[in-house]
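Undergrad: Can you keep this structure in mind? I'll have questions shortly.
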Amino acid sequence: MNSHNSRHPPANPEPLNVRVERIIKRFGFDGVHVSSDQPWHVTLTGTVDEVNDRALVVAIARTTPGVTVVRSDIAFSKQN
Numbered sequence: 397m398n399s400h401n402s403r404h405p406p407a408n409p410e411p412l413n414v415r416v417e418r419i420i421k422r423f424g425f426d427g428v429h430v431s432s433d434q435p436w437h438v439t440l441t442g443t444v445d446e447v448n449d450r451a452l453v454v455a456i457a458r459t460t461p462g463v464t465v466v467r468s469d470i471a472f473s474k475q476n
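Numbering (my numbering), first residue to last: 397 to 476.
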């Protein structure tokens, strides 16, 4: 008998910070890095061009399954 429960998908083996960073980079934010020192918590660092970009990156991280807390230490690469 197979020990796998077919009703549930296998757990995602990809670390949370790697998954969040991969998704953020799909949106073109190559200057943002993601770290995680606690389960379900991510910290965003790096740079973006504008305030709206930072808001979008934070929103992407917050809506990633498995994330419950987002800390943003993102700076702006352009001065207005």
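By construction, the Cβ of each residue, glycine as well, lies at the ideal position given by its N, Cα and C atoms.
Rank 409, 416 and 412 by C-alpha distance to the C-alpha of residue 455 and give the top, closest one.
TA: As a position in the sequence shown, residue 455 is number 59, starting the count at 1. The option with the nearest alpha carbon to residue 455 is 416.
Undergrad: With a Cβ-Cβ cutoff of 8 Å, do residue 452 and residue 432 count as a contact?
TA: Taking the first residue of the sequence shown as 1, we reach residue 452 at position 56. Taking the first residue of the sequence shown as 1, we reach residue 432 at position 36. No, the Cβ-Cβ distance between residue 452 and residue 432 is not below 8 Å.
Undergrad: At which residues does the beta strand (DSSP E) containing residue 428 begin and terminate?
TA: As a first step, residue 428 must be located in the sequence shown, where it is residue number 32. Run containing residue 428: 428-434, per the beta strand (DSSP E) assignment.
Undergrad: Select from 464, 457, 445 and 410 the residue whose C-alpha is nearest the C-alpha of residue 474.
TA: As a working mapping, residue 474 is identified with position 78 in the sequence shown. Out of 464, 457, 445 and 410, 445 has the C-alpha closest to the C-alpha of residue 474.
Undergrad: Between the C-alpha atoms of residue 424 and residue 449, what's the straight-line distance to the nearest angstrom?
TA: Walking along the sequence shown from the start, residue 424 turns up at place 28. Walking along the sequence shown from the start, residue 449 turns up at place 53. Computed Cα separation, rounded: 10 Å.
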